[in-house]
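Asks: Let me give you the structure first, and then I'll get to my questions.
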Amino acid sequence: MVNGAAGGLGSAVAVRLAQAGMHVVVTDLSVDTAQTIVADVTAVPARIQIILNKSKS
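Residue numbers for the sequence shown follow our numbering, beginning at 1266 and rising by one.
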């Protein structure tokens, strides 16, 4: 699970985990930005899922 996956470090971690064959769950405050990461990862044979994080701290 990568929280804040649309950011620079979070997106890099999500892509790297997917490249390693992991099932990746990405969370972010914005579905649009999280979907960008999913688009980057679709070229990698891995399972990826988005969870919208609506909490604000």
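We treat Cβ as the ideally placed atom computed from N, Cα and C, and that holds for glycine.
Would you grab the beta carbon distance between Ile-1302 and Ala-1279 for me? Rounded to a whole angstrom, and I think it's under 8 Å.
Replies: Ile-1302 to Ala-1279, Cβ: 5 Å. Contact.
Asks: Just the Cα atoms here: how many angstroms apart are Gly-1286 and Thr-1298?
Replies: 22 Å
Asks: Please report the distance separating the alpha-carbon of Val-1300 from that of Ala-1283.
Replies: Checking the sequence shown, residue 1300 turns out to be Gln, not Val. Rounded to whole angstroms, Gln-1300 to Ala-1283 spans 15 Å at the Cα level.
Asks: Can you tell me the Cα-Cα spacing of Val-1289 and Ser-1295, whole angstroms?
Replies: 17 Å
Asks: I'd like the span of the alpha helix (DSSP H) that includes Gly-1272, first residue to last.
Replies: Here Gly-1272 belongs to no alpha helix (DSSP H), and DSSP marks it neither H nor E.
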